[in-house]
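Okay, so here's the structure we're looking at.
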Amino acid sequence: MNEWNAETAEWYAANYGEYATNRLAVEALELEPGSVVVDVGCGTGSALRHAASAVTEGSLIGVDPVPRMIELARERTAGHPAASRIEFRLGAAEDLPVEDAVADVVLAFDSFDHWQDEARGLSEIRRILRPAGRLVVVKDASVPGERGARRAFVDALARARFVVSREEQIEGDDVRFTLWVCEAAG
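With my numbering, the residue at position 40 of the sequence shown is 68, and numbering never jumps.
In structure tokens:
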């Protein structure tokens, strides 16, 4: 889907807003209680709501370029026990409305392929990550299986000076995806 607007945000929220991928991917991570987690392309905020159970003292920031998606995320999070620690900001991967060197973990769950400029988005993520921070990318099963697409993705990470420290295929609850944990290299 290339054109995101209020209508497509509603469609996404109805069909994928609480997709099991968000919960399973967060469960596969070891998030520290005091972490600052930024979700780029946060959609309805589902991943952050799941992360809140592990990140009990830190903060969670969702960024999405679609105004209606931010509204939906705020609506769905309003009654959550960790709502006071979850913040949503309007913005794109290429110009993140986040301060320099604050994030311990940056999530990009099924959003990477929607960025307008992948190189610029990765550069922004490097800017907001703390020195020991991690980028966690999730892609649905169909993408990594395509040899050329996977190679192009890993090459894009390398050009942005990210090193893949973990790559894992995860299946469950009728979903299958690949999770990459990446660290900034020199």
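Glycine residues also receive a C-beta, built at the ideal position from the N, C-alpha and C atoms.
Inset, instruction - Give a yes or no on whether the minimum CB-CB distance between residue 190 and chain B is below 8 Å. - result: Any reference to chain B falls outside this structure, which holds one protein chain only.
Inset, instruction - Given a cut-off of 8 Å, decide if residue 57 and residue 191 are closer than it, judged by their beta-carbon atoms. - result: No, the Cβ-Cβ distance between residue 191 and residue 57 is not below 8 Å.
Legend entry - Reduced DSSP category for residue 63 - H, G, I as helix; E, B as strand; rest coil: Residue state, collapsed to three classes: coil.
Inset, instruction - Starting from the C-beta of residue 94, find all residues in its chain whose C-beta is less than 6 Å away, skip the five residues before and the five after it, and write them out in chain order. - result: Taken in chain order, the residues that qualify are 32 and 37.
Inset, instruction - Within its chain, find whatever has a CB closer than 6 Å to the CB of residue 86; leave out the 5 residues flanking it on each side and keep chain order. - result: For residue 86, where only same-chain residues beyond five positions count, the Cβ hits under 6 Å are 62, 63 and 64.
Inset, instruction - Report the three-state DSSP secondary structure of residue 5 (helix, strand or coil). - result: Nothing can be reported for residue 5: it is not among the residues displayed for the chain, which extend from 29 to 214.
Inset, instruction - State the start and end residues of the unbroken alpha helix (DSSP H) segment that holds residue 100. - result: Per DSSP, the continuous alpha helix (DSSP H) segment holding residue 100 begins and ends at 95 to 105.
Legend entry - Option in 185, 113, 156 and 198 with minimal Cα separation from residue 210: The option with the nearest alpha carbon to residue 210 is 185.
Legend entry - Where residue 50 falls, given that 16 or more other Cβ within 10 Å makes a residue buried: Taking all protein chains in view, the Cβ of residue 50 is crowded by 16 or more other Cβ atoms within 10 Å, so the residue is classified as buried.
Legend entry - At least three beta-carbon pairs within less than 8 Å, the stretch 200 to 208 to the stretch 39 to 54: Because the criterion of three Cβ pairs below 8 Å is met, the stretch 200 to 208 and the stretch 39 to 54 touch.
Legend entry - Ranges of the beta strand (DSSP E) found wholly within the stretch 149 to 183, counting only runs of at least 3: Along the stretch 149 to 183, the beta strand (DSSP E) occurs as fully enclosed runs of 3 or more residues at 157 to 168, listed in sequence order.
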